[in-house]
Structures are given as structure tokens and as C-alpha cells.
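Presented below is the structure to which this report refers.
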Amino acid sequence: MILKLLLSLFVIGLSPFIFDSSYAQITSGGFGNSPFERDFGDVKFLDAYFGTIDEKFEIDAGDKNVPFTVVMANVGTQDITGIRGQLSLPLGFSASDGPGSLIHADANSNSLAGENFHITFFVDIGDGIKIQQYPGTVKVDYSRLRESGVRTAFEDFDFKITGESVVNVRALDPFLTSLRENHVTIEISNDGTAPISSVNIGLQNTQSERASTTQSITNVENVVILNTDWEIGEIDPNSKKLIELDVYVPESLKGDTLRAPIEITYFNAHGDKHTISRIADFYVKGLIDLSIYNVDVIELSGTQMVIGEIINEGNEDGLFGFVTIEPRGDSNILPNTQFIDEIEIDAPVPFNIPIEFDDDPRYGEHDITITVRYKDGIRDEIFLPYDTTILVEEPSNDEEPGPDPMMVIIPIIATIGIVIYILRRRKKTVAQTN
Numbered sequence: 462m463i464l465k466l467l468l469s470l471f472v473i474g475l476s477p478f479i480f481d482s483s484y485a486q487i488t489s490g491g492f493g494n495s496p497f498e499r500d501f502g503d504v505k506f507l508d509a510y511f512g513t514i515d516e517k518f519e520i521d522a523g524d525k526n527v528p529f530t531v532v533m534a535n536v537g538t539q540d541i542t543g544i545r546g547q548l549s550l551p552l553g554f555s556a557s558d559g560p561g562s563l564i565h566a567d568a569n570s571n572s573l574a575g576e577n578f579h580i581t582f583f584v585d586i587g588d589g590i591k592i593q594q595y596p597g598t599v600k601v602d603y604s605r606l607r608e609s610g611v612r613t614a615f616e617d618f619d620f621k622i623t624g625e626s627v628v629n630v631r632a633l634d635p636f637l638t639s640l641r642e643n644h645v646t647i648e649i650s651n652d653g654t655a656p657i658s659s660v661n662i663g664l665q666n667t668q669s670e671r672a673s674t675t676q677s678i679t680n681v682e683n684v685v686i687l688n689t690d691w692e693i694g695e696i697d698p699n700s701k702k703l704i705e706l707d708v709y710v711p712e713s714l715k716g717d718t719l720r721a722p723i724e725i726t727y728f729n730a731h732g733d734k735h736t737i738s739r740i741a742d743f744y745v746k747g748l749i750d751l752s753i754y755n756v757d758v759i760e761l762s763g764t765q766m767v768i769g770e771i772i773n774e775g776n777e778d779g780l781f782g783f784v785t786i787e788p789r790g791d792s793n794i795l796p797n798t799q800f801i802d803e804i805e806i807d808a809p810v811p812f813n814i815p816i817e818f819d820d821d822p823r824y825g826e827h828d829i830t831i832t833v834r835y836k837d838g839i840r841d842e843i844f845l846p847y848d849t850t851i852l853v854e855e856p857s858n859d860e861e862p863g864p865d866p867m868m869v870i871i872p873i874i875a876t877i878g879i880v881i882y883i884l885r886r887r888k889k890t891v892a893q894t895n
């Protein structure tokens, strides 16, 4: 009987251990092994990133003395003070104080109950660190007001090495021509290691915005620009996007530098919106607008010549001008060149080039190309070709024939003979008289 009683008591005492895992049990925190289990404490981790409390930084391998900020909240019911943090990061990250030093920092002030606080560490990043996500741990020591002793909290977190975006702007052709509509292409490049997204480009201080500005920043308001805003999306690292616009430049800007302010808005690798300003510079050239006319063939001193005139209807002289004629098709005219020097504006410049043939002359129509070669104000060489057809006529022989030499010599000889005959008769008569 006593044995049965002892056996019953043993079974009753053992039953909690047998059935503990068979039924849901409420443990500390009220959630058991649930992923939403709560650990009560005075501080709660919010965020960790490279940067300051006001701005997140894009960083890359090899950066030194970079601020690393941990943001936490005082979720307790009392104010805390004496906040001190210590940071544990993977291999490749070290304290800015030097290798082997602890990465630690102090908060600048107390944290009121229900308020956020932050701790900023300074970290060196190794050259071999890759752009990716890394784990880290922060230890926070603090004291509650009106309480002695130090409390400690540990928080695990993830942070990322984002790389750096480097946005540059340049004009593919930095030269504009006055008195003419110019098609302009501007390159927006990301020369860094981090992508940028939702990129929006705006040209600033144009005529459309002049009413909203109290003072002109550049001379871009003096030109006419047809489009001033572009959305170009994402720009990956070491890649570029192009924007195109049409610009009309007045004559008054000839010889000046046109400065075009460009505002670029984008989201960086942290997802933060940034707005930066860049300048695209252009040099405004004068306009050289040449035409060739009055092309003809004349004969001068027995030599046939191609003549014509060149007119410059622009606002800048052409420099170091040459005119060249070249044959086309089956023409056997030899190429020939004449130097004409400056091609001034609003003043016809004549040219005359002798016609020479390869082998025997061929008369009639000849297809030729007349090319004017000159340099503009920035010493770029420009070629203006002009195709035409000329008529080369056979030289005429309509000159008056000269006198026959015999017709001149015979009268002279006869005259001389008559004079000699008269002189002899007179001499003979005088001799007979004596």
C-alpha cells in the first residue's frame, strides 16, 4: 500500500516535465519562443550608418576617419546619463586612433525619457573592403538618473558600404556659333562607385526663370533655349547619360564664354534626396557664312582662267583662305590652288585660277569642284565645296595678219635703186658738161 502511494506521488511530480513541451507555455515576456518576443530595457536600437546625425555619407574602401553614427531611443521611464558606446565591426574596419584601438565614443548629452539619442564613432575603412552589407554590434553603457550603478545594453545591427557617387557635367562640343541655332549635347556622368537614381536635370536662370530671379547669375538668360528640364532615371557607377537641347545665341555674345548653371536632383545609395549644382561652359564663336557665285571662264593674255567671287555674310572674318579647283568625272583639268588670305565680311573676294590640262587640252564642258579652305576664330580648318560645270572654249585666232616682209623690202630696194640711178645720171651729166 505504501509502495503504491509513493509511486503515485512520483508520477504526479514527474508529469510537469513530461507535458511541458506538449502545451503552449507563457514564459517571461509573454511570448515564449515567438519571433516577436520582447526584451524589456531602457534603450532601443534605431539605426546605424556612416555619417552624422544630420546626413548619411556615401563611403568607399580606403576612406579614413569617417563618422559612424548609431541612433537609439530612450524607451524607459527615466532620463539616462553617462552614455558611452563601444563599437564592434568586422575585420577591415578599425578605430581612427590607430590599429588595435577600441572604437568608442560618448554621447554629448543626457537623454530624456522617450527621446532619441545618438553616438558618433570615427572609423577607418580598409582598402580591401567591398561594397556590400556587413554586421556590427554596439555596446551602450549608461546610468539612470537618481540611481547608482551602470547599466549595459548590447545591440546587433547591419550596415552597408555604399560606395561613392561622383556626378560630373561636360559639353561634348563646347563651342557655339552666334546668329545660329546650335544643337547641344551635354553629358551627365557618374564617375563614382555608387549608383544614383531618379535623376532630374534642370537648366537654371534661363529666360523662363528670369522673372523669378532678382539678379542675373550668368549670361545664359540672353540666349534662347527650347527645352530646360530632363528626367533621365538611374545612372550606374562609371556610366553616363546624355541630354540634348537647342540653343540660339545672339550676335552680342560673340567671343564670350556662355556659362549654363545646371541643377541635378537625385537619390543616393542611402535613398536620400540630394540636389547639386554644376556649370556647363561654352565658348561662343562668330559666324562665317560663305557663298561662291559668278563662276565663269575667261581668257587673259592667252591663258584661260576660272574666275569667281566669295561673299561672307556672317559676323567674323575667315582666316588663311585658299581656293582650289579639282576635276570631277572625266575632266582632265589639273588641280590648282590660289591663296586669297582673309575673307572679310560683306566684301566680295575675287579669285582667278589658271586652267591647266593633264595631257592634251580638251575643250567643252568640264565638271569641277571649287573648294574654299579657311580657318575660323579658334583656328579650326573648314572646307566649303562647290560643284559646278564650266565651259572651256578653244582659243580664238582672229588677230589681224601682219604685213608681208617682202612687200616692205621690195619698195625699199626699189627706192634705193632709183636713188642710186639718179645719183649716177647726175654725176655722168656733170662729167660731160666739163
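Take the sequence shown: its letters are residues 462 to 895, numbered as in the working numbering.
Think of the CB as a built atom: it goes at the ideal place given N, C-alpha and C, for glycine as much as any other residue.
Which first and last residues belong to the beta strand (DSSP E) in which V504 is found? Here residue 504 corresponds to residue number 43 of the sequence shown, with the count starting at 1. It spans V504 to F511 - the beta strand (DSSP E) in which V504 sits, taken as one unbroken run.
Candidates V584, F518, A574 and I520: which alpha carbon is nearest Q547's? Sequence index remark: in the sequence shown, residue 547 carries index 86 (1-based). Of the listed residues, the one whose Cα sits closest to Q547 is V584.
Take D717 and list the residues in its own chain whose beta-carbon comes closer than 7 Å to its own, dropping the five residues that flank it on each side. Residue mapping note: residue 717 aligns to position 256 of the sequence shown, counting from 1. These residues qualify, in order along the chain: N680 and V745.
When the distance is taken between beta carbons, is E519 closer than 8 Å to A730? For the purposes of this step, residue 730 is taken as the residue at position 269 of the sequence shown. For the purposes of this step, residue 519 is taken as the residue at position 58 of the sequence shown. The beta carbons of A730 and E519 sit closer together than 8 Å.
Mind checking which residues open and close the beta strand (DSSP E) that includes Y709? Position 248 of the sequence shown, counted from the start, is the residue given in the question as residue 709. Note, Y709: beta strand (DSSP E), S700 to V710.
Under 8 Å between C-beta atoms of L507 and N569: For the purposes of this step, residue 507 is taken as the residue at position 46 of the sequence shown. For the purposes of this step, residue 569 is taken as the residue at position 108 of the sequence shown. Not a contact, by the Cβ cut-off of 8 Å.
For T613, which residues in the same chain have their Cβ closer than 6 Å to its Cβ, ignoring the five residues on either side in sequence? Stepping through the sequence shown from its first residue, residue 613 is reached at position 152. Only D602 meet the Cβ criterion.
Is V853 closer than 8 Å to I804 when the C-beta atoms are compared? Taking the sequence shown and counting its residues from 1, the one referred to as residue 804 is at position 343. Taking the sequence shown and counting its residues from 1, the one referred to as residue 853 is at position 392. No.
Selected residue, minimal CA-CA separation from G561, among N571, S549, S572 and I874: Walking along the sequence shown from the start, residue 561 turns up at place 100. Nearest C-alpha to G561: S549.
Look at the Cβ atom of I592, then the Cβ atom of G543, and state whether they are nearer than 8 Å. As a position in the sequence shown, residue 592 is number 131, starting the count at 1. As a position in the sequence shown, residue 543 is number 82, starting the count at 1. Their beta carbons are not under 8 Å apart, which means I592 does not touch G543 by this criterion.
Within the continuous beta strand (DSSP E) that includes R720, where are the two ends? Taking the first residue of the sequence shown as 1, we reach residue 720 at position 259. Per DSSP, R720 belongs to the beta strand (DSSP E) from T718 to F728.
Taking the alpha-carbon positions, what's the I622 to E724 distance? Within the sequence shown, numbered from 1, the residue matching residue 622 stands at position 161. Within the sequence shown, numbered from 1, the residue matching residue 724 stands at position 263. Cα to Cα, the separation comes out at about 27 Å.
Assign R789 to one of two classes, buried (16 or more other C-beta atoms within 10 Å of its C-beta) or exposed (fewer than that). As a first step, residue 789 must be located in the sequence shown, where it is residue number 328. Under this definition R789 is an exposed residue.
Quick one: using the 10 Å Cβ neighbour count with 16 as the cut-off for buried, is I879 buried or exposed? As a working note, residue 879 is residue 418 in the sequence shown. Its Cβ having fewer than 16 others within 10 Å, I879 is exposed.
With a threshold of 16 other CB atoms inside 10 Å of the CB of F492, please say whether the residue is buried or exposed. The sequence position of residue 492 within the sequence shown is 31, counting from 1. The predicted model places F492 with a pLDDT of 39, which falls under 50 and marks its position as unreliable, so this point remains unresolved.
N629 by DSSP, collapsed to three states: which one? Counted from its first residue, the sequence shown places residue 629 at position 168. In the structure shown, N629 sits in a strand (DSSP, three-state: E or B).
From A556 to Q594, what does the alpha carbon distance come to, in whole angstroms? By 1-based counting over the sequence shown, the position of residue 556 is 95. By 1-based counting over the sequence shown, the position of residue 594 is 133. About 19 Å.
Does the beta-carbon of T638 have 16 or more other beta-carbons within 10 angstroms, so that it is buried, or is it exposed? Here the question's residue 638 lines up with position 177 in the sequence shown. Per the 10 Å Cβ criterion, buried.
Helix or strand or just coil, what does DSSP make of L852? Within the sequence shown, the letter at position 391 stands for residue 852. Of the three classes helix, strand and coil, the one that applies to L852 here is strand, per DSSP.
Inter-residue spacing [alpha-carbon to alpha-carbon] between R720 and F743: Mapped onto the sequence shown, residue 720 falls at position 259. Mapped onto the sequence shown, residue 743 falls at position 282. Going from the Cα of R720 to the Cα of F743 covers about 6 Å.
Which residue marks the beginning of the beta strand (DSSP E) containing S549, and which one marks its end? To locate residue 549, count along the sequence shown from 1; it is residue 88. Start and end: I541 to S549.
Using a 10 Å radius around the Cβ and a threshold of 16 neighbouring Cβ atoms, would you call H644 buried or exposed? Looking up residue 644 in the sequence shown gives position 183. Flag for H644 reads exposed.
7 Å CB neighbourhood of T654 in its chain, flanking five on each side removed: If you number the sequence shown from 1, residue 654 lands on position 193. Cβ neighbours of T654 beyond the five flanking positions: D521, I592, G624, E625 and P698.
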